[in-house]
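J.: Have a look at the structure that comes next, please.
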Amino acid sequence: MTLRIYNTQSRKKEEFHPQEEGKVGIYVCGITAYDFCHVGHARSAVVFDVITRYLRYSGSDVTYVKNFTDVDDKIIDKAGREQKGIAEIAELYIREHDEDMGKLGVVRPTFTPRATEHIDGMIHLVTTLLEKGLAYPMDGDVYYSVERFPGYGKLSGRNIEEMQAGARVDVNDKKRNPFDFALWKASKEGEPWWESPWGRGRPWWHLECSVMSQRYLGDTFDIHGGGEDLIFPHHENEIAQSEGATGKTLARYWVHNGFVRVNNEKMSKSLGNFFTIRDILEQFDPEVLRFFLLQSHYRSPVDFSDAALSEARQGMNRFYSTLKALKDIAAGGTAIAAEPAAKDGEMTAQIQALRERFVESMDDDFNTARAIGHLFDAVRFINTALAEKKPGVSPGILLEGKKALLEIGSVLGFFLEEPDTYLRRDRDREAAKRGLSIAEIERLIAERRAARAAKAWQRADEIRKELAGQGVLLQDASDITTWAIA
RNA sequence: GGCGGCAUAGCCAAGUGGCUAAGGCAGCGGUCUGCAAAACCGUUAUUCCCCGGUUCAAGUCCGGGUGCCGCCUCCA
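Here my numbering is used: the first residue of the first sequence is -15, the next is one more, and so on.
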């Protein structure tokens, strides 16, 4: 089975063959560092994290580059408002970004270059474009001439004439064509600047990605990714810059993730309907957010809500409960090499099938939703075996099942915690959300324990009911009563 | 106005023309339990927005509606 990836440019799923067997180069457009990251940024990060993890799981040597835009109008504005330097603002939000991503279990990209580290390369690229007649200087600015690049519009499926009919572009009389875009702009008073052949100025947004991708991955690389809002104009312009300069294909596969929505609208800064990652992580475990995001296919929109996260939380608890049960088997001192049991063969086949189905799902354009479905199937057959009074599956085989769950989980970035730690933290967090006192819950449990010992069932049930009314569910085991939040 | 996407059960969601339309959440019935919870078993879409068409066969392909969303300005 071969990996197939949906390529935005062809609008089709294509078989994936890297330019060099066993090696994959990925470039993903990162954030502009001027504020905290929101759930939309989390989705992009998690999606490409899983893509990277899966390619590595499949045996590829992946070089993953994700940039930071650290010079930009928004950063300058923010710096002005807060009376800080732009470097200070960028540095702060890059650090916050890294912290959020770390919590989400996003593996650090191989390289995380920043725009300002590559000014020389940008000046060089602009020079090349000028030499090739693809760009023109104008009052200290330099613009790209889209009409001079024949492929302009090939990624987003547009052409210049059609777009002009709709004409919703800002009028700028410095441009020869309204769709020409700035490569470099003269800096105004108070703005950061670098010396250039066109005077003191600063690079414009699209330029950095062309330079940094080439620097780390070469003229042509395998996968270029980002949110679907970057298709036009950002990625279209990157193609114009890079391919205009090198004459070579920039990226062989274009991969774009869908949006996170809130009440059916795109989550975005400008609409103000965003939730920051850190806000959400105060309410839910990072793995819950991750699970929520991966439960839908990466190209579909996902609707974000508290209810949706709560459902995701329930799903994640199901996984962790099974993992805990499996761990308890191992901890129970049961000999791993117990004699074969009747259903060992069946279980072994199921585990094998799980691995195969996982690969099959992921090979189909990274279908994490389907992969998760298979994971739940696995949980059910493991739970079935665990529930049997007379064990039909030997512990050693069950632990093979656990191994498979953890292995697949690691590709999706799940099950990174110890089950006990995860479940306790989840429980305590939910209790805190409801304003419940853990000490009080435990006091009532102790009282009920005494009542039960005395076979005072009525009092025991009263306590159960009282706690249930607050969302606290008691679970009586033979020797201990544990509790959970509904 | 131009370009593109989506519409599957109460909710979320997968579905690569052909076995009984994954899976999760929620609900209901049962097993287990002193009673519960968890877990397990069963159950919840004769049908995939509507109307036509292609085909032996369509949720899946084609055409036309309707509704929603996105990009075309910064945006993951």
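Note that the Cβ used here is the ideal one computed from N, Cα and C, for glycine as well.
How far does the beta strand (DSSP E) with Arg(-12) in it extend, from its first residue to its last?
T.: Arg(-12) to Asn(-9) is the span of the beta strand (DSSP E), which, as asked, contains Arg(-12).
J.: For Arg92 and Thr36, I'd like the C-alpha separation in whole angstroms.
T.: Spanning the alpha carbons of Arg92 and Thr36 requires a straight line of approximately 10 Å.
J.: Rounded to whole angstroms, what is the Cα-Cα separation between Ile464 and Leu214?
T.: Near 55 Å, if we compare the C-alpha coordinates of Leu214 and Ile464.
J.: What are the boundary residues of the beta strand (DSSP E) that includes Trp178?
T.: Counting along the chain, Trp178 falls outside any beta strand (DSSP E), and DSSP gives it neither H nor E.
J.: Closer than 8 Å by C-beta to Ala319: which residues in its own chain qualify, once you throw out the five before and the five after it? Chain order, please.
T.: In this prediction, Ala319 has a pLDDT of 47, which is less than 50 and means its spatial position is unreliable; what the coordinates show is noted afterwards. Around Ala319: Pro379.
J.: Suppose you measure from the CA of Glu414 to the CA of Asp347; what does that come to, to the nearest Å?
T.: If you take the alpha carbons of Glu414 and Asp347, they lie about 37 Å apart.
J.: What residues in its chain sit with their C-beta under 6 Å from that of Ala468, if we drop five residues either side in the sequence?
T.: Arg411 and Leu457
J.: Check for me: the beta strand (DSSP E) holding Lys387 runs from which residue to which?
T.: No beta strand (DSSP E) holds Lys387; the alpha helix (DSSP H) holding it covers Pro379 to Leu396.
J.: Could you check which residue in Ile(-11), Arg297 and Ser28 has the C-alpha nearest to that of Glu212?
T.: Taking only the C-alpha atoms, the option nearest Glu212 is Ser28.
J.: Rounding to the nearest angstrom, what Cα-Cα distance links Met85 and Leu255 in this structure?
T.: 23 Å
J.: If you reduce the DSSP assignment to three classes, tell me which class Phe188 lands in.
T.: One point to set straight first is that residue 188 is Trp, not Phe, in the sequence displayed. Three-state DSSP puts Trp188 in coil, outside helix and strand.
J.: Which word fits Ile223, buried or exposed, when buried means at least 16 other C-beta atoms lie within 10 angstroms of its C-beta?
T.: buried
J.: Inspect the CB distances between the region 291 to 308 and the region 328 to 336 and report whether three or more fall short of 8 Å.
T.: Taking a cut-off of 8 Å for Cβ pairs, the region 291 to 308 and the region 328 to 336 do not touch, as fewer than three such pairs fall below it.
J.: Terminal residues of the continuous alpha helix (DSSP H) containing Ile10?
T.: It is not in any alpha helix (DSSP H) - Ile10 instead sits in the beta strand (DSSP E) that spans Lys7 to Val12.
J.: Between Val34, His22 and Gln3, which has its C-alpha nearest Phe258's C-alpha?
T.: His22
J.: Comparing C-alpha positions only, which one of Leu389, Thr53 and Ile392 sits nearest to Arg186?
T.: Thr53
J.: Near Phe95, which residues of its chain fall below 7 Å by C-beta distance, leaving aside the five closest residues on each side in sequence?
T.: Val49 and Tyr200
J.: Would you say the region 158 to 176 touches the region 125 to 136, given that touching needs at least three Cβ pairs under 8 Å?
T.: Counting Cβ pairs under 8 Å, three or more are found: they touch.
J.: Check the DSSP bridge columns for Leu458 and list the partner residues they point to.
T.: Trp467
J.: Relative to the C-alpha of Glu175, which candidate in Glu72, Asp45, Val55 and Thr(-14) has its C-alpha closest?
T.: Val55
J.: Just confirm the distance between the C-beta atoms of Thr112 and Ala235, as a whole number of angstroms; I'd bet it's less than 8 Å.
T.: With a Cβ gap of about 19 Å, Thr112 and Ala235 do not count as contacting.
J.: Spatial neighbours of Lys169 within its chain, please: C-beta separation below 7 Å, excluding the five flanking residues on both sides.
T.: Asp125, Gly185, Arg186 and Trp188
J.: For the pair the region 61 to 68 and the region 2 to 17, tell me if three or more CB-CB distances fall below 8 Å.
T.: No contact exists between the region 61 to 68 and the region 2 to 17.
J.: Secondary structure at Arg436, three-state DSSP: helix, strand or coil?
T.: helix
J.: Can you list, in chain order, the residues of its chain with a C-beta nearer than 7 Å to that of Ser498? Leave out the 5 residues immediately preceding and following it.
T.: This structure cannot speak to residue 498, because the chain is shown only from -15 to 470.
J.: According to the neighbour-count rule (16 or more other Cβ atoms, all chains shown, within 10 Å of its Cβ), is His271 buried or exposed?
T.: One detail in the question is off: residue 271 reads as Glu in this sequence, not His. Label assigned to Glu271: buried.
J.: Distance check for Pro97 and Glu75, CA to CA, integer angstroms please.
T.: Computed Cα separation, rounded: 13 Å.
J.: Specify whether the region 101 to 118 and the region 189 to 199 touch according to this definition: at least 3 beta carbon pairs, one from each stretch, less than 8 Å apart.
T.: They touch, by the three-pair rule.
J.: For His190, which residues in the same chain have their Cβ closer than 7 Å to its Cβ, ignoring the five residues on either side in sequence?
T.: Phe165, His218, Asn221, Glu222 and Gln225
J.: Provide the residue(s) that pair with Glu249 in DSSP beta bridges, ordered along the chain.
T.: Val246
J.: Residues bridged to Met122 by DSSP?
T.: Asp125
J.: Would DSSP call Asn241 helix, strand or coil?
T.: strand
J.: Which one of Pro375, His281 and Ala388 has the shortest CA to CA distance from Pro324?
T.: Pro375
J.: At 3 residues or longer, what runs of the beta strand (DSSP E) sit wholly inside the region 73 to 115?
T.: none
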